[in-house]
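Asker: Quick note on numbering: the sequence shown equals residues 77 to 587 in our numbering. Yeah, the Cβ is synthetic: ideal placement off N, Cα and C, and Gly gets one too.
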Amino acid sequence: MNRAAGILLPITSLPSRYGIGCFSGSAYEFVDWLKEAGQCYWQILPLVPTSFGDSPYQSFSTYAGNPYFISLEELVEEGVLTEEECEEADFGEDPQDIDYEKMYLSRYPLLKKAFRRSNISQNQDYLKFVEDNAWWLGDYALFMAVKERFEGKPWTEWAEDIRLRRSNAMDYYRKEQYFDIEFHQYLQYQFHKQWTRLKSYANEKGVKIIGDIPIYVAMDSADAWAHPELFQLDENNVPVAVAGCPPDGFAAEGQLWGNPLYRWDYHESTGFAWWMERLRYCFQMYDVVRIDHFRGFDEYYSIPYGEKTAINGTWKKGPGMKLFHRMKEVLGEREVIAEDLGYVTDSVRKMVEDSGFPGMKVLEFAFDSRDTGSASDYLPHNYGENCVAYTGTHDNETLTGWFGSISKEEMAMAREYLCDQYTPEKYLYKPLISLIMRSRAKLCVIPLQDYLGYDNSCRMNRPSTVGINWKWRITREELTEELKEEIYSIARRYGRTGWQWREEEEKETKS
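#1: Since TYR466 sits in a beta bridge, which residues does DSSP pair it with?
#2: Could you pull the start and end residues of the beta strand (DSSP E) that ASP594 belongs to?
#3: Select from TRP548, ASN537, SER510 the residue whose C-alpha is nearest the C-alpha of GLY571.
#4: List the whole-angstrom C-beta distance separating GLY287 from MET352, where the pair is believed to meet the contact cut-off of C-beta under 8 Å.
#5: Starting from the Cα of ARG273, find the closest Cα among GLU177, HIS369, SER431, GLY101 and give me that residue.
#6: For ARG425, name the three-state secondary structure that DSSP assigns.
#7: Would you kindly report the start and end of the unbroken alpha helix (DSSP H) that includes GLU164?
#8: Please report the straight-line C-alpha distance between ASP589 and SER137, rounded to a whole angstrom.
#9: Kindly indicate which residue of PHE128, LEU84, TYR144 has the alpha-carbon position closest to the one of SER92.
#10: Rounded to a whole number of angstroms, what is the C-alpha to C-alpha distance between ASN195 and ASP256?
#11: What residues are listed by DSSP as bridge partners for GLU375?
#12: Ends of the alpha helix (DSSP H) at ARG225?
#13: Can you name the start and end residues of the alpha helix (DSSP H) that TRP118 belongs to?
#14: Would DSSP call VAL318 helix, strand or coil?
#15: Rounded to whole angstroms, what is the Cα-Cα separation between PRO456 and ASP374?
#16: Does the separation of the CB atoms of VAL304 and TYR381 fall below 7 Å?
#17: Are there three or more Cβ pairs, one per stretch, closer than 8 Å when the region 80-98 is compared with the region 244-262?
#18: In the DSSP assignment, find the unbroken beta strand (DSSP E) run with ILE367 in it and report its ends.
#19: Extract the residue ranges of the alpha helix (DSSP H) inside the region 473-506, only unbroken runs of 4 or more that lie entirely within it.
#20: Does at least one heavy atom of the ligand ATP sit under 6 Å from the Cβ of ASN313?
#21: Please determine if the region 270-285 and the region 212-223 are in contact, where contact requires at least 3 C-beta pairs separated by less than 8 Å.
#22: Using CA coordinates, which residue listed in ARG569, GLU553, ARG568 is at the minimum distance from PRO171?
#23: When you compare the region 395-413 with the region 422-438, are there three or more beta-carbon pairs, one atom per stretch, that lie closer than 8 Å?
#24: Here's the rule I'm using: 16 or more other beta-carbon atoms within 10 Å means buried, otherwise exposed. How should PRO125 be labelled?
#25: Tell me the residue span of the beta strand (DSSP E) that contains ILE83.
#26: For GLU159, I'd like the list of residues in its chain whose CB is within less than 7 Å of its CB, leaving aside the five on either flank, ordered along the chain.
#27: For the candidate residues ALA103, PHE479, LYS229, whose alpha-carbon lies nearest to that of PHE128?
#28: With DSSP as the reference, label PRO336 as helix, strand or coil.
#29: Does the region 464-475 come into contact with the region 503-517, if we say contact requires no fewer than three beta-carbon pairs (one atom in each stretch) closer than 8 Å?
#30: Can you give the Cα-Cα distance for VAL206 and GLU501, rounded to whole angstroms?
#31: Can you check DSSP and say which residues form a bridge with ILE413?
#32: On the CB-based measure, 16 or more other CB atoms within 10 Å of its CB, does ASN458 come out buried or exposed?
#33: Please report how far the alpha carbon of VAL424 lies from the alpha carbon of PRO322, in whole angstroms.
#34: Would you identify the three-state DSSP class for PHE307, choosing helix, strand or coil?
#35: Could you check where the alpha helix (DSSP H) with ARG356 kicks off and where it finishes?
#36: What first and last residue would you give for the alpha helix (DSSP H) that runs through LEU187?
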């Protein structure tokens, strides 16, 4: 990888006509905009369907795609929807906010209309897609159909026969829910067809996609329901322990995520077969895969099921490098980013080093007076080449919001490090971005909100909160020529445009 730059912007945040960012023409325009801005990478969040809380890190499936991302405009072009039908639906009034309740109430009826009119069972491409993806799609489509049959309840509350996947119950629901099963297969066909086209377009323009794989799956997922043997569940498929992280200076009771934990001894006995399938699939979907919570492969925090907080959890050993040695044997050398943030032990550092994967550096962590142990790791002069530098991630405050929220002592530390006592606070995001862009890190990824100098009203996620996250969107009007030129000039100044096409075009124009 040469020195390069990228932008973090979730698909949900793209401009769109119908309430949420999707694979419509705006996505292709954004790819063009990225290229013109000298960006080589577009980092997104997981593309999976979301469950309660709308988080892409709590999904009904690790393989399925989010039906909200299907372009309604494309369905209009196919003739299975009309523009009038889309315009009449209520997706919310605010072009910079996502109303997930209205998404659910408006999008699914439209998608069902499209499905009914599609005559999809006669489509040979669809039939091939279903056949090629039968190893996950059948379980997922049945899971979603049965979930609707039980009024959205988690699978752990279904009738015992189907909860435990007894053969007679499986046969019964496959017949009873045939229409709904095919509907969910149709949605996945549309999602994958549209995503494959968008990704190919980005790659043709010289833009690589950085995708994101959460370490854990949700308990209420087709993955846990269909493969309970992979997880720490008892004979009734009830969790023995769940995931989270321990108390620290940021969360006095720790974080109780509730995801089922893996039976790592079982995974190892199979040669990590499920993980190889999962990773292979991710590398088909993305050019680079960011693996979330990388330290969980070294040690994971195990909280007894039923606990109300994470206080009584304990650390357990994970598979370590065995999993990644196996990955290289089966899949070869792949581009991976290790999310090694948070409290990092020597054994985690060794695992990241042994893997050869670049870790992450977040500028906002560099001036935290509460974290005297590792804050210096995040100071840009200490970055090595083999890392990916960020101002912040989707879980952090925006850069402007962060600077406005830190203590006076921390503000002074940051200004002293910048040698900048005079730039007004509302413009300080610019020298802070430049700070990491001129570091040795081979790749710098900046959330788009930070390039715009936006405050925390545009923050993507506030961990440990529900109902206020994953909502921010940008409008076409904000993706200005001026912003594009400013981002390009920063990338060029620090040798991060990644290719020379624009410089060559400028030379030809001048001559």
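Answerer: On the basis of the supplied data:
#1: For TYR466, the beta-bridge partners assigned by DSSP are VAL438, VAL521.
#2: Because the chain here runs from 77 to 587, residue 594 falls outside it and cannot be looked at.
#3: Closest option to GLY571, Cα to Cα, is SER510.
#4: Not quite, the Cβ-Cβ distance comes to about 17 Å (not below 8 Å), so this is no contact.
#5: The shortest C-alpha separation from ARG273 is found at GLY101.
#6: DSSP, reduced to helix, strand and coil, places ARG425 within a helical segment of the structure shown.
#7: Element bounds for GLU164: 159-164.
#8: Within the shown structure, residues of the chain are numbered from 77 to 587, placing residue 589 beyond reach of any answer.
#9: Considering only alpha carbons, the answer is TYR144.
#10: Here the alpha carbon of ASN195 sits roughly 14 Å from the alpha carbon of ASP256.
#11: DSSP output for GLU375 lists LYS393 as bridge partner(s).
#12: ARG225 -> alpha helix (DSSP H) spans 210-225.
#13: Note, TRP118: premise wrong, no alpha helix (DSSP H); beta strand (DSSP E) at 117-119.
#14: In this structure, VAL318 counts as strand in the three-state DSSP scheme.
#15: Computed Cα separation, rounded: 26 Å.
#16: Strictly speaking, residue 304 in this sequence is Pro, with Val absent from that position. Not in contact: PRO304 and TYR381 (Cβ atoms no closer than 7 Å).
#17: Proximity of the region 80-98 to the region 244-262 falls short of the contact definition, fewer than three beta-carbon pairs being nearer than 8 Å.
#18: 364-367 is the span of the beta strand (DSSP E), which, as asked, contains ILE367.
#19: Within the region 473-506, the complete alpha helix (DSSP H) runs of at least 4 residues are 475-481, 484-494.
#20: The ligand ATP is absent from the structure shown, which contains no ligand whatsoever.
#21: In short, these stretches do not touch, since the Cβ pair count stays below three.
#22: Checked all of ARG569, GLU553, ARG568; the closest Cα to PRO171 is GLU553.
#23: Touching, per the Cβ criterion.
#24: Counting the other CB atoms within 10 Å of its CB gives PRO125 a total of 16 or more, which places it among the buried residues.
#25: It spans 80-84 - the beta strand (DSSP E) in which ILE83 sits, taken as one unbroken run.
#26: Within the same chain, GLU159 has close Cβ partners VAL152.
#27: If we check each option's Cα against that of PHE128, LYS229 comes out closest.
#28: DSSP places PRO336 in strand when its eight states are reduced to three.
#29: Yes, the region 464-475 is in contact with the region 503-517.
#30: Looking at the two C-alpha atoms, the distance is approximately 54 Å.
#31: Per DSSP, ARG366.
#32: Per the 10 Å Cβ criterion, exposed.
#33: Whole-angstrom Cα-Cα distance: 16 Å.
#34: If DSSP states are grouped into helix, strand and coil, PHE307 belongs with the strands.
#35: Here the alpha helix (DSSP H) through ARG356 covers 349-361.
#36: Looking at the DSSP string, the run of the alpha helix (DSSP H) that includes LEU187 is 176-194.
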